[in-house]
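Q:
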C-alpha cells in the first residue's frame with residue numbers, strides 16, 4: 016500500500032512533545048466545524064419554506080443536492096491544484112468568500128430561486144475546507160484513519176448544534192441576524208486558515224499516473240457514482256416523510272441535530288476501526304446495516320420513529336463512507352486530490368439526477384419504491400467491493 020513515511024510525525028514534533036500535525040488536524044476540524052455549523056443553521060429554514068409553499072417535491076431534492084453538484088464543479092480544478100501547491104492559502108480563500116452567500120440571504124426575500132442559488136454558492140465554497148482538509152490529512156498524517164475520523168466528525172458535530180442555534184437566533188432576532196453571524200464567523204477564522212503549513216508532493220503528469228493506476232481509478236469512480244446515487248435517492252426525502260407525519264420546522268431542526276449526533280459518533284468510531292480491523296470490513300458492515308434501515312424508513316408511523324431509523328441509516332452510511340475515505344489514502348500521494356476531484360465530478364452529476372428522479376417517483380408512486388431502489392443500489396455496491404477488492408490490492412502492489 017502507498018503510505019506516508021512513518022517518521023513524518025516524529026520529525027515534526029517539537030522539543031515540548033507537541034505534534035504540529037495533530038495541531039493542524041484540530042485546526043482543520045475547527046474550520047470544518049464552523050463551516051458546517053453556519054451552513055446547517057440556515058438550510059432547514061430554506062427547506063421548510065419550500066415545503067410550506069407547496070413547491071414540487073423534486074425542487075426539494077434539487078435544493079438538498081445542488082451543493083454537491085456545484086461543489087464538484089469547483090472540486091475538479093481545486094483537487095488538481097491542491098496536488099501541486101500548499102493547501103493553507105486555498106482553504107483561506109474558501110473561508111473569506113463565505114460572506115457572499117450569507118450577505119445575499121440577509122438582503123433578499125427567501126424564494127425557491129434565492130434558496131437554491133445561495134446553497135449552490137455554499138456548495139462551491141465548502142470543498143475549500145472539507146475536500147482540502149481530507150487531502151491535507153492524507154498527505155501529512157501517520158494515523159490517517161483516526162485523523163480522518165476526527166476531521167469527519169467535526170462537521171457532523173456542528174450539524175448537531177447548527178439547526179438548534181439557528182432556531183434560537185431566528186426566534187429571537189430573525190433570519191437576517193443569523194446570516195450576519197455566519198458571515199462574521201467566517202471572517203474571524205480567515206487568519207487562522209492562513210497559518211496551515213503543508214508539504215507539497217512531487218509534481219507528476221496526471222494522465223500518466225492515472226494510466227498506471229487505472230484499475231484503482233476505475234474502481235473508485237464506480238464506487239463514487241454508487242455512493243452518490245444511493246444517498247441522493249433516499250436522504251433528501253426524510254424531511255418530506257416527516258412533513259407528512261406532521262413535523263414542523265422546529266421538529267425537523269431537532270431531528271436533524273439528533274441525526275448529526277449519531278453521524279459524529281459514527282465517523283470518529285469508524286475512523287479508529289479502519290486503523291484496527293481494516294477499511295473493507297468497516298465499509299461492509301456499514302452498508303449492510305444501512306440497507307435494512309433504508310427499507311424500514313417508509314413504514315415509520317411517527318416522526319420520532321422516522322428520526323430513529325434515519326439516524327441509524329446515516330450512522331451506517333457514514334460508517335461505510337469513512338472506510339471509503341481511508342481507502343482513498345491507498346492511492347499515491349501525488350494523485351489523491353486529482354482522483355478525488357475526478358470521481359466527484361463524475362458522481363455528483365449522477366447524484367443530482369438520481370435525487371430529482373427519486374422526487375418524481377415519490378410524487379407519482381409514493382415513498383416506498385424510491386427507498387427500495389436505494390437499498391438495491393447498496394447491494395450492488397457491496398457486490399462491487401467484493402468482486403473488485405482482490406484486483407485493487409494486486410494493482411496497487413504491482414504499481415509500487
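In my numbering, the protein residues as written are 16 to 415. Backbone N, C-alpha and C fix where the C-beta goes; we use that ideal spot for every residue, glycine too. For clarity, every value in this text was computed on a predicted model and none was experimentally measured.
1. I'd like the span of the alpha helix (DSSP H) that includes residue 308, first residue to last.
2. From residue 323 to residue 185, what distance separates their C-alpha atoms?
3. Can you list, in chain order, the residues of its chain whose CB lies under 8 Å from that of residue 105, leaving out five sequence neighbours each side?
4. Looking at the structure shown, is residue 317 part of a helix, part of a strand, or coil, going by DSSP?
5. Assuming contact is defined by CB atoms lying nearer than 8 Å, are residue 174 and residue 271 in contact in what I supplied?
6. Out of 181, 61 and 124, point me to the one whose CA is closest to residue 134's CA.
7. Any idea what DSSP makes of residue 116, helix, strand or coil?
8. How is the alpha helix (DSSP H) around residue 206 delimited, first residue to last?
9. From the DSSP output, in three-state form, read off residue 335 for me.
10. List the whole-angstrom C-beta distance separating residue 334 from residue 281, where the pair is believed to meet the contact cut-off of C-beta under 8 Å.
11. Count the other C-beta atoms from every protein chain shown that fall within 10 angstroms of the C-beta of residue 314, then say buried if there are 16 or more, exposed otherwise.
12. Check whether the Cβ atoms of residue 305 and residue 331 lie closer than 8 Å to each other.
13. Since residue 55 and residue 178 are thought to touch, with beta carbons under 8 Å apart, how far apart are those beta carbons, to the nearest angstrom?
14. Residue range of the alpha helix (DSSP H) that residue 108 falls in?
15. Evaluate residue 188 with the Cβ neighbour count: other Cβ atoms within 10 Å of its Cβ, from every protein chain shown; 16 or more gives buried, anything less gives exposed.
16. Looking only at its own chain, which residues have a Cβ that is under 8 Å from the Cβ of residue 46, when we skip the five neighbours before and after it?
17. Can the beta-carbon of residue 102 be found less than 8 Å from the beta-carbon of residue 150?
18. Do you know how far the Cα of residue 130 is from the Cα of residue 38?
19. Looking only at its chain, what residues have a beta carbon closer than 7 Å to the beta carbon of residue 276, apart from the 5 residues adjacent to it on each side?
20. Using the Cα positions of residue 57 and residue 257, report the straight-line distance between them to the nearest angstrom.
21. Short of 8 Å in beta carbon distance, which residues of its chain neighbour residue 195, apart from the five on each side in sequence? Order them along the chain.
22. Residues in its own chain within less than 6 Å of residue 327 by CB, not counting five upstream and five downstream?
23. Assuming residue 141 and residue 86 are in contact, meaning their beta carbons sit under 8 Å apart, how far apart are those beta carbons, in whole angstroms?
24. Apart from the five residues just before and just after residue 318, which ones in its own chain have a Cβ nearer than 8 Å to its Cβ?
25. Indicate whether residue 386 and residue 249 have their beta-carbon atoms separated by less than 8 Å.
26. Three-state secondary structure (DSSP) at residue 67?
27. When the Cα atoms are used, what is the spatial distance from residue 28 to residue 36?
28. If residue 288 and residue 274 are in contact, beta carbons under 8 Å, what's the gap, nearest whole angstrom?
29. Which of helix, strand or coil does DSSP assign to residue 58?
30. Among residues of its own chain, excluding the 5 on either side of residue 268, which ones have a beta-carbon nearer than 6 Å to its beta-carbon?
31. Note down, in chain order, each residue of its chain lying with its Cβ closer than 7 Å to the Cβ of residue 390, except the 5 sequence neighbours on either side.
32. Taking 7 Å as the limit between beta carbons, can you name the residues of its chain near residue 279, skipping five residues before and five after?
33. On the criterion of 16 or more Cβ atoms from any shown chain inside 10 Å, does residue 382 qualify as buried, or is it exposed?
34. On the premise that residue 114 lies in contact with residue 202, defined as a C-beta separation below 8 Å, what is that separation, rounded to the nearest angstrom?
35. In this structure, how does DSSP classify residue 174 when only helix, strand and coil are distinguished?
A: Answer, in terms of the structure:
1. Here the question's residue 308 lines up with position 293 in the chain shown. Its alpha helix (DSSP H) spans residues 294 to 311.
2. Here residue 323 refers to the residue found at position 308 when the chain shown is read from its first residue. Here residue 185 refers to the residue found at position 170 when the chain shown is read from its first residue. Approximately 26 Å between the Cα atoms of the pair.
3. By 1-based counting over the chain shown, the position of residue 105 is 90. Cβ neighbours of residue 105 beyond the five flanking positions: 93, 96, 97, 143 and 147.
4. Working through the chain shown from its first residue, we reach residue 317 at position 302. Coil.
5. Position 159 of the chain shown, counted from the first residue, corresponds to residue 174. Position 256 of the chain shown, counted from the first residue, corresponds to residue 271. Yes; because the gap between Cβ atoms is below 8 Å, this pair is in contact.
6. Indexing the chain shown from 1 puts residue 134 at position 119. Taking only the C-alpha atoms, the option nearest residue 134 is 61.
7. Against the chain shown, residue 116 aligns to sequence position 101. Helix, per DSSP.
8. By one-based count along the chain shown, residue 206 stands at place 191. Taken as a continuous stretch (DSSP letters only), the alpha helix (DSSP H) holding residue 206 covers 190 to 208.
9. For this step, residue 335 is matched to residue 320 along the chain shown. Here residue 335 carries a helix assignment [DSSP, helix/strand/coil].
10. As a first step, residue 334 must be located in the chain shown, where it is residue number 319. As a first step, residue 281 must be located in the chain shown, where it is residue number 266. Their Cβ separation, rounded to whole angstroms, is 5 Å, which keeps residue 334 and residue 281 in contact under 8 Å.
11. Numbered from 1 along the chain shown, position 299 holds the residue referred to as residue 314. Exposed.
12. As a working mapping, residue 305 is identified with position 290 in the chain shown. As a working mapping, residue 331 is identified with position 316 in the chain shown. The criterion of a C-beta distance shorter than 8 Å is satisfied by residue 305 and residue 331.
13. In the chain shown, residue 55 corresponds to position 40, counting from 1. In the chain shown, residue 178 corresponds to position 163, counting from 1. Correct: roughly 6 Å between the Cβ atoms.
14. Within the chain shown, residue 108 is the residue found at index 93, counting from 1. Per DSSP, residue 108 belongs to the alpha helix (DSSP H) from 103 to 111.
15. Here residue 188 refers to the residue found at position 173 of the chain shown. Exposed: under 16 other Cβ atoms inside 10 Å.
16. Within the chain shown, the letter at position 31 stands for residue 46. Cβ neighbours of residue 46 beyond the five flanking positions: 106, 110, 144, 148, 204, 207 and 208.
17. Here residue 102 refers to the residue found at position 87 when the chain shown is read from its first residue. Here residue 150 refers to the residue found at position 135 when the chain shown is read from its first residue. Contact flag set, yes.
18. Along the chain shown, one-based indexing puts residue 38 at 23. Along the chain shown, one-based indexing puts residue 130 at 115. C-alpha separation (whole angstroms): 36 Å.
19. Within the chain shown, the letter at position 261 stands for residue 276. Once the five neighbours on either side are set aside, the close Cβ partners of residue 276 are 175.
20. For the purposes of this step, residue 57 is taken as the residue at position 42 of the chain shown. For the purposes of this step, residue 257 is taken as the residue at position 242 of the chain shown. The alpha-carbon atoms of residue 57 and residue 257 are separated by roughly 19 Å.
21. In the chain shown, counting from the first residue as 1, residue 195 sits at position 180. Correct list, in chain order: 117 and 121.
22. As a working mapping, residue 327 is identified with position 312 in the chain shown. Taken in chain order, the residues that qualify are 308.
23. Here residue 141 refers to the residue found at position 126 when the chain shown is read from its first residue. Here residue 86 refers to the residue found at position 71 when the chain shown is read from its first residue. Their Cβ separation, rounded to whole angstroms, is 6 Å, which keeps residue 141 and residue 86 in contact under 8 Å.
24. The residue you call residue 318 lines up with position 303 of the chain shown. The beta carbon of residue 318 sits closer than 8 Å to those of 257, 260, 261, 262, 266 and 270, all from its chain and outside the five residues before and after it, given in chain order.
25. Counted from its first residue, the chain shown places residue 386 at position 371. Counted from its first residue, the chain shown places residue 249 at position 234. Yes.
26. Your numbering for residue 67 matches position 52 in the chain shown. If DSSP states are grouped into helix, strand and coil, residue 67 belongs with the helices.
27. Counting from one through the chain shown, the residue named residue 28 turns up at place 13. Counting from one through the chain shown, the residue named residue 36 turns up at place 21. Note that residue 28 scores a pLDDT of 46, beneath 50, so its modelled location is shaky and nothing firm can be said.
28. For the purposes of this step, residue 288 is identified with residue 273 of the chain shown, where counting begins at 1. For the purposes of this step, residue 274 is identified with residue 259 of the chain shown, where counting begins at 1. Rounded, the Cβ-Cβ distance is 21 Å, inconsistent with contact.
29. Translated into positions along the chain shown, residue 58 becomes position 43. In this structure, residue 58 counts as helix in the three-state DSSP scheme.
30. By 1-based counting over the chain shown, the position of residue 268 is 253. So the qualifying residues of the chain are 59, 178 and 182.
31. For the purposes of this step, residue 390 is identified with residue 375 of the chain shown, where counting begins at 1. Counting only Cβ-Cβ distances below 7 Å, and skipping sequence neighbours, we find 306, 309 and 310.
32. Start at 1 with the first residue of the chain shown, and residue 279 comes out as number 264. Here the set comprises 168, 171, 172 and 175.
33. In the chain shown, residue 382 corresponds to position 367, counting from 1. Residue 382 is buried by the Cβ-count criterion.
34. Reading the chain shown from its first residue, position 187 is the one you call residue 202. Reading the chain shown from its first residue, position 99 is the one you call residue 114. Between residue 114 and residue 202 the Cβ distance is about 6 Å, and since that is below 8 Å, they are a contact.
35. In the chain shown, residue 174 corresponds to position 159, counting from 1. If DSSP states are grouped into helix, strand and coil, residue 174 belongs with the helices.
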